[in-house]
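Engineer: Protein chains in written order, with my numbering: chain X, 26 to 282; chain V, 65 to 78.
Let me begin by handing over the structure; questions about it come next.
Here you go:
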């Protein structure tokens, strides 16, 4: 059986809020190392990969592989009841048809209990190859969100170019062109504002802004975001959750017709 | 014009 208690319960709500517009039904795969999720969007352009490691929970118990087939719209309805500072506990049998979710207020004077019906989801798992990316950019997640939403107002697509001079986000639309360039930046007192660009070779790729803006719904999870690029492979956008738990998004590039 | 590629072209089913 599964029993997992999360003190940073808002993490669960933020993860679900970040992915529910991209994927609707997905398996939460539980085993002794933690809770993982991998799902593609309907059009098979983007992939979500999440891992909440066992260390993120206290206690965490899961002695067998358990797949929790969850409709995220339904889970969102249950998570509406979650309040700041609540402890959340997930419980399920070995072959569950429902997921038991308990919220406890930090003062322990309120316990809310929900049973969410589960579904059988036949999900294809994709093998994600280990990639040495040509460019890795770590930057404030709010900045990335602002760049993507600002450029989306002008165009459907953005070209991301990483060179030794910096990283340039540019777009061309009916009303004109736009571009934002970021250079390496270090702020000793406010490290969360740093822009770190690691480059082994120049990269230039074009992506759909609709998906990037969608990924930015994960912004409340972390004040930093990591963007990894290599020519002719999917973009990786990573938000660290707690410790080494993560939420990753992969996006296939657009190519010249 | 640019064509959107599928993620399935990069990551194989396992």
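Positions of the beta carbon are idealized from the N, C-alpha and C atoms, including for glycine.
This structure is a prediction, so every number in the text was calculated from the model and none was measured.
Under 8 Å: do the region 146-163 of chain X and the region 114-124 of chain X share three or more Cβ pairs, one atom per stretch?
Structural biologist: No: fewer than three Cβ pairs fall under 8 Å.
Engineer: Where does residue 186 (chain X) land, buried or exposed, given buried means 16+ other C-beta within 10 angstroms?
Structural biologist: Working through the first chain from its first residue, we reach residue 186 (chain X) at position 161. By the neighbour-count rule (16 or more Cβ atoms within 10 Å), residue 186 (chain X) is buried.
Engineer: Does the Cβ of residue 263 (chain X) have 16 or more other Cβ atoms within 10 Å, making it buried, or fewer, making it exposed?
Structural biologist: As a position in the first chain, residue 263 (chain X) is number 238, starting the count at 1. Residue 263 (chain X) is buried by the Cβ-count criterion.
Engineer: For a cutoff of 7 Å on Cβ pairs, would you count residue 268 (chain X) as touching chain V?
Structural biologist: Locating residue 268 (chain X) in the first chain gives position 243, where the first residue counts as 1. It does not: the Cβ of residue 268 (chain X) has no partner Cβ on chain V nearer than 7 Å.
Engineer: Would you say residue 260 (chain X) and residue 232 (chain X) are within 7 Å of each other, going by their C-beta atoms?
Structural biologist: Against the first chain, residue 260 (chain X) aligns to sequence position 235. Against the first chain, residue 232 (chain X) aligns to sequence position 207. For residue 260 (chain X) and residue 232 (chain X), yes; Cβs fall inside 7 Å.
Engineer: Closer than 7 Å, Cβ to any Cβ of chain V: which residues of the region 179-195 of chain X, in chain order?
Structural biologist: So the list reads 182, given in the order they occur along the chain.
Engineer: Using a cut-off of 7 Å between C-beta atoms, extract the partners of residue 278 (chain X) located in chain C.
Structural biologist: Among the protein chains of the structure shown, namely X and V, there is no chain C.
Engineer: Please confirm if residue 252 (chain X) has its CB atom under 7 Å from at least one CB of chain V.
Structural biologist: On the first chain, position 227 is the one that residue 252 (chain X) refers to. Not an interface residue.
Engineer: Is residue 136 (chain X) a contact residue of the ligand ATP, with contact defined as CB to any heavy atom under 6 Å?
Structural biologist: As for the ligand ATP, it is missing from this structure, which has no ligand bound.
Engineer: Could you work out which residue in X:76, X:257, X:120 is closest to residue 156 (chain X) when comparing CA atoms only?
Structural biologist: The residue given as residue 156 (chain X) occupies position 131 in the first chain. Among X:76, X:257, X:120, the Cα nearest to that of residue 156 (chain X) belongs to X:257.
Engineer: So, is the C-beta of residue 118 (chain X) closer than 7 Å to a C-beta in chain V?
Structural biologist: Here residue 118 (chain X) corresponds to residue number 93 of the first chain, with the count starting at 1. No, its Cβ sits nowhere closer than 7 Å to a Cβ of chain V.
Engineer: What residues are listed by DSSP as bridge partners for residue 165 (chain X)?
Structural biologist: Counting from 1 along the first chain, the entry for residue 165 (chain X) is found at position 140. X:249.
Engineer: If you run the structure through DSSP and keep just helix, strand and coil, what is residue 149 (chain X)?
Structural biologist: By one-based count along the first chain, residue 149 (chain X) stands at place 124. Note: residue 149 (chain X) maps to coil in three-state DSSP.
Engineer: Among the candidates X:177, X:32, X:93, whose CA atom is the shortest distance from the CA of residue 83 (chain X)?
Structural biologist: Counted from its first residue, the first chain places residue 83 (chain X) at position 58. Of the listed residues, the one whose Cα sits closest to residue 83 (chain X) is X:32.
Engineer: From the DSSP output, in three-state form, read off residue 171 (chain X) for me.
Structural biologist: Against the first chain, residue 171 (chain X) aligns to sequence position 146. Helix, per DSSP.
Engineer: In three-state DSSP terms, what is residue 179 (chain X)?
Structural biologist: Reading the first chain from its first residue, position 154 is the one you call residue 179 (chain X). Reduced to three states, the DSSP call for residue 179 (chain X) is coil.
Engineer: According to a CB-to-CB cut-off of less than 9 Å, which residues of the region 30-50 of chain X neighbour chain V?
Structural biologist: Answer in chain order: no residues at all.
Engineer: Distance check for residue 200 (chain X) and residue 6 (chain X), CA to CA, integer angstroms please.
Structural biologist: Any question about residue 6 (chain X) goes unanswered here, given that chain X covers just 26 to 282.
Engineer: Could you round the C-beta distance between residue 103 (chain X) and residue 141 (chain X) to whole angstroms and report it? I think they count as a contact, below 8 Å.
Structural biologist: Along the first chain, read from residue 1 onward, the residue named residue 103 (chain X) stands at position 78. Along the first chain, read from residue 1 onward, the residue named residue 141 (chain X) stands at position 116. Yes, residue 103 (chain X) and residue 141 (chain X) are in contact; Cβ-Cβ is about 6 Å, under 8 Å.
Engineer: At a CB-CB cut-off below 7 Å, which residues of chain V make contact with residue 65 (chain X)?
Structural biologist: The residue given as residue 65 (chain X) occupies position 40 in the first chain. Neighbours of residue 65 (chain X) on chain V, chain order: 71.
Engineer: Can you tell me the Cα-Cα spacing of residue 36 (chain X) and residue 59 (chain X), whole angstroms?
Structural biologist: On the first chain, residue 36 (chain X) is found 11 positions in, with the first residue counted as 1. On the first chain, residue 59 (chain X) is found 34 positions in, with the first residue counted as 1. Rounded to whole angstroms, residue 36 (chain X) to residue 59 (chain X) spans 15 Å at the Cα level.
Engineer: Does the region 203-211 of chain X come close enough to the region 242-250 of chain X to have 3 or more Cβ pairs within less than 8 Å?
Structural biologist: No, the region 203-211 of chain X does not touch the region 242-250 of chain X.
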